[in-house]
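Chains as they are written, first to last, in the working numbering: chain A, 270 to 454; chain B, 270 to 454.
Note that the Cβ used here is the ideal one computed from N, Cα and C, for glycine as well.
Reviewing the structure listed below.
And the structure:
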């Protein structure tokens with residue numbers, strides 16, 4: 270799975286060749302087909318893998334550091350995608366490629382929609398801890414906007430046109446704005 | 270240029286073959302090289318073309334309709350990217366491919382950065398008409414967030430995981446939020 274994420278980040282979904290994947294993973298192409306059945310299977314499992322890996326990102330906090338407050342936890346959940354780290358870059362690049370390729374590979378859409386939904390729900394849940402009086406619908410649209418913004422800014426950062434620290438500041442400010450809106454209702 | 274946008278939307282930047290582009294345009298590959306010099310030239314000019322084309326998008330308004338207010342003009346400038354129209358889809362798909370490929374083609378970065386800047390400045394200018402007391406820096410970050418959000422949501426829409434009308438509603442709401450923030454300052 271690591272090799273698949275690496276090859277997709279490097280070549281794109283349309284440039285993915287099973288031979289290159291096999292070489293990268295140090296196994297035979299037969300073994301790849303045995304495990305994943307077909308190309309669609311490789312893409313689906315790679316999407317799952319990069320989502321699991323993103324969920325496990327950590328920051329530099331010491332294990333004995335005090336627990337985060339809900340606000341910091343929310344910021345961290347959004348800013349994890351915007352870190353100057355080779356694995357984060359690779360993961361986000363592969364995610365962008367998989368998302369873009371769903372335009373042409375309808376097989377991927379359901380998995381992509383599910384992954385997006387899980388992320389939106391996680392952010393909505395964190396917002397809800399700080400704004401318990403907000404409606405579920407209000408929390409969800411706020412989370413959709415925040416995650417959509419992170420995706421858009423992440424592409425700008427990866428493509429080299431937006432400095433990382435500025436992208437992170439824009440996200441932090443957007444969190445303030447959404448929390449203020451949820452309070453006013 | 271139309272053929273290039275079509276081929277990039279269909280195959281991605283990495284799948285772009287000059288032979289296919291020539292066939293699509295109904296000309297010889299020699300003529301393509303004569304006009305664009307090299308692959309980087311094709312990419313650069315296509316980026317310019319899709320930006321010019323996006324700037325010229327129109328909505329269904331009659332030519333004799335009354336002038337738009339600044340708020341509608343701002344919404345329209347953002348929502349033009351989110352229209353159920355074959356040309357808009359093709360344009361946005363090609364833009365996403367060019368943006369993603371800048372991760373690997375540093376030659377494209379400067380042009381991509383310039384195109385993004387022009388869009389951000391246009392939106393900042395429209396925001397400024399409604400909030401003349403806001404600082405230039407405040408208008409710019411609001412515009413960066415709104416355009417970043419449109420890019421993120423546009424990818425979700427194109428990849429089939431976000432309904433168009435919902436994406437448009439999220440953008441409209443984000444405009445409200447940014448205008449409210451700019452007022453409070």
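- A residue is called buried when at least 16 other Cβ atoms come within 10 angstroms of its Cβ; residue 321 of chain A does not meet this threshold and is exposed.
- Neighbours of residue 371 of chain B across chain A, judged by C-beta separation under 8 Å: 428, 429 and 430.
- Residue environment for residue 380 of chain A: buried (at least 16 other C-beta atoms within 10 angstroms of its C-beta).
- Membership of residue 297 of chain B in any alpha helix (DSSP H) is not indicated, and neither H nor E is assigned to it by DSSP.
- Residue 325 of chain A and residue 429 of chain B have their C-alpha atoms some 27 Å from each other.
- With respect to the 8 Å criterion, residue 443 of chain B and residue 402 of chain B are not classified as neighbours on the basis of their beta carbons.
- Using a Cβ distance threshold of 8 Å, residue 340 of chain B and residue 399 of chain B count as a contacting pair.
- Close to residue 410 of chain A, with beta-carbon spacing below 7 Å, are these residues of chain B in chain order: 439 and 442.
- What residue 281 of chain A touches in chain B, judged by beta-carbon distance under 7 Å, is 281 and 283, going in chain order.
- When Cβ-Cβ separations below 8 Å define contact, residue 404 of chain A makes no contact with chain B.
- Contact between the stretch 359-376 of chain B and the stretch 311-319 of chain B is present: three or more C-beta pairs spanning the two stretches fall below 8 Å.
- Cβ proximity to chain A below 8 Å picks out 381, 382 and 385 from the stretch 379-407 of chain B.
- Here residue 336 of chain B is exposed: its Cβ has fewer than 16 other Cβ atoms, across all protein chains shown, within 10 Å.
- Nearest CB-CB separation between residue 325 of chain A and chain B: not below the 8 Å threshold.
- For a Cβ distance threshold of 7 Å, residue set 421 and 424 of chain A lies close to residue 420 of chain B, ordered along the chain.
- In the three-state reduction of the DSSP assignment, residue 283 of chain B falls in the coil class, being assigned neither a helical nor a strand state.
- Proximity of chain B to residue 366 of chain A at the Cβ level (cut-off 8 Å) is accounted for by 369, in chain order.
- Inclusion of residue 412 of chain A and residue 384 of chain A in the CB contact set at 8 Å is not warranted, their separation being larger than that value.
- For residue 270 of chain B, there is no enclosing alpha helix (DSSP H), as DSSP marks it with neither H nor E.
- Flagged as an interface residue toward chain A: residue 450 of chain B, by a C-beta distance shorter than 8 Å.
- In this structure, residue 312 of chain B lies near residue 374 of chain B, with their beta-carbon atoms less than 8 Å apart.
- Residue range 355-370 is occupied by the alpha helix (DSSP H) that includes residue 365 of chain B.
- Residue 283 of chain A sits close to residue 283 of chain B, with the two beta carbons spaced by under 8 Å.
- Among the residues facing chain B, residue 414 of chain A is included, as its CB has a counterpart in that chain under 8 Å away.
- Neighbours of residue 315 of chain A across chain B, judged by C-beta separation under 7 Å, do not exist; the nearest C-beta is about 16 Å away.
- Around the beta carbon of residue 365 of chain A, a 10 Å sphere encloses 16 or more other beta carbons of the protein chains shown; the residue is thus reported as buried.
- Put simply, of A/357, A/271 and A/376 the residue whose alpha carbon is nearest the alpha carbon of residue 294 of chain A is A/271.
- Taking the Cβ atoms as the reference, residue 409 of chain B lies roughly 7 Å from residue 389 of chain B, within the contact range of under 8 Å.
- In summary, residue 370 of chain B is buried, with 16 or more beta-carbon neighbours lying within 10 Å of its beta-carbon over all protein chains present.
- Note on geometry: alpha-carbon atoms of residue 299 of chain B and residue 274 of chain B lie some 19 Å from one another.
- At a Cβ-Cβ threshold of 8 Å, residue 367 of chain A and residue 351 of chain A do not count as neighbours.
- The DSSP-derived three-state label of residue 380 of chain A is helix.
- Interface annotation, residue 446 of chain A: in contact with chain B, CB-CB separation under 8 Å.
- For residue 345 of chain A, the enclosing alpha helix (DSSP H) stretches over residues 339-348.
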